[in-house]
Amino acid sequence: MDSTATEHPTLLPRLHLFELIDQPWYPRAARNLSTDYLHAVSTRMGLFDAAADVLAKGLQASGTDTLVDLGSGGQGPVPRLQRLLEARHGLKTRAVLTDLYPNAEAAERARAEGATYLPRPVDARQVPEDLRGMRTLFNALHHFRPEEVREVMEDAQRRGEAFAAFEVVHRTPGGVLGTLFVPLLVLLFTPFIRPLTPLRLLFTYAVPVAPLALAWDGLVSTLRAHRPEELKALTQSLQRPGYTWEVGEVREKGKGAVTYVLGMPVR
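1 is the number of the first residue of the sequence shown in full-length UniProt numbering; add one for each residue after it.
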């Protein structure tokens, strides 16, 4: 595992444009088309597999066996990572999935895999006190402006909970160019999404709502992404006795880099 934050010259300024799935007015069915796709592609391609070692470090440091995932959408990579945590580190975990806009269909699938998906909205900046465990975000940190990112991290630190956020989008020219392939990936991966409903087929192949919406949100995600050095500056402003922060990049062979932020109580 490479845990060093790679320094790159800032070629692209951060632009906080709007993502469709962030908008309260965005139709629930359309949002679910996007989040279900993101779950399928992250799981089948193992985009976040390198996060397993970082999660194990945080779980062991905090002494918890519970993952409280924020911004879960269509489930995200948590079920796959739970299996990796057990296989690689012998850690059996329970998962509580949450989202500001809960996906009811994904909640049913989560229950089938042994996870809990809360039906009530949960704001990552103010997590309810009854949700205890290591907080995680997967490809969700870029949805927040820098000052909001600080709120998200500060809330976990104040409560003494371990925290880990992971991003596979990168604000680089290569990252921006990579979004050009998103429509093709949507067309290729849609047959693997379950359930494969007539509505999904209609709005993917006949009327390409899903490919175009995901391409736009993918581009905006890239332009919104926080660079490792920016995240490092945020965590340095949060340094307090009894809690430690680290920022880095990890990768597995044949897969892209995963930027991470890890916060842990010092015991």
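Just so you know, even glycine gets a beta-carbon here, dropped at the ideal spot from N, CA and C.
All values reported here derive from a predicted model rather than from experimental measurement.
Self-check item: Identified DSSP bridge partners for residue 136
Solution: When DSSP reads this structure, residue 136 sits in a beta bridge with 69 and 164.
Quiz prompt | Nearest-angstrom Cβ-Cβ length linking residue 55 and residue 85, presumed shorter than 8 Å | solution = About 6 Å separates the beta carbons of residue 55 and residue 85, which is inside the 8 Å limit, making them a contact pair.
Quiz item: Since residue 263 sits in a beta bridge, which residues does DSSP pair it with?
Solution: Bridge pairing for residue 263: 163 and 245 [DSSP].
Practice problem: Pull up the distance between the alpha-carbon of residue 70 and that of residue 137, whole angstroms please. | Solution: Here the alpha carbon of residue 70 sits roughly 5 Å from the alpha carbon of residue 137.
Practice problem: Count the other CB atoms, across all protein chains shown, that sit within 10 Å of the CB of residue 144; report buried if there are 16 or more and exposed otherwise. | Solution: Within 10 angstroms of the beta-carbon of residue 144 lie 16 or more other beta-carbons, which makes it buried.
Quiz item: On the three-state DSSP scale, how would you describe residue 205?
Solution: In this structure, DSSP gives residue 205 a helical state, which the three-state scheme calls helix.
Quiz item: Do the stretch 161-175 and the stretch 197-214 meet, that is, are 3 or more Cβ pairs less than 8 Å apart?
Solution: Cβ pair count under 8 Å is below three, so no.
Self-check item: Pairwise C-alpha distance: residue 90 and residue 123
Solution: Going by C-alpha positions, residue 123 is about 31 Å away from residue 90.
Quiz item: What did DSSP end up calling residue 96 once you bin it into helix, strand or coil?
Solution: Residue state, collapsed to three classes: strand.
Quiz item: Residues in its own chain within less than 7 Å of residue 16 by CB, not counting five upstream and five downstream?
Solution: Contacts found: 145 and 224.
Quiz item: Taking the alpha helix (DSSP H) that residue 32 falls in, what are its first and last residues?
Solution: Residue 32 -> alpha helix (DSSP H) spans 28-45.
Quiz item: How many angstroms separate the CA atom of residue 66 from the CA atom of residue 209?
Solution: One C-alpha to the other measures close to 36 Å.
Quiz item: Thinking C-alpha only, which one of 52, 264 and 101 is nearest residue 249?
Solution: Ranked by Cα distance from residue 249, the options 52, 264 and 101 are led by 52.
Quiz item: Going by alpha carbons, who is nearest to residue 230 out of 43, 174, 57 and 147?
Solution: Of the listed residues, the one whose Cα sits closest to residue 230 is 147.
Practice problem: Pick out the complete beta strand (DSSP E) segments inside the stretch 219-245, 3 residues or longer, and give them in chain order. | Solution: Within the stretch 219-245, no complete beta strand (DSSP E) run reaches 3 residues.
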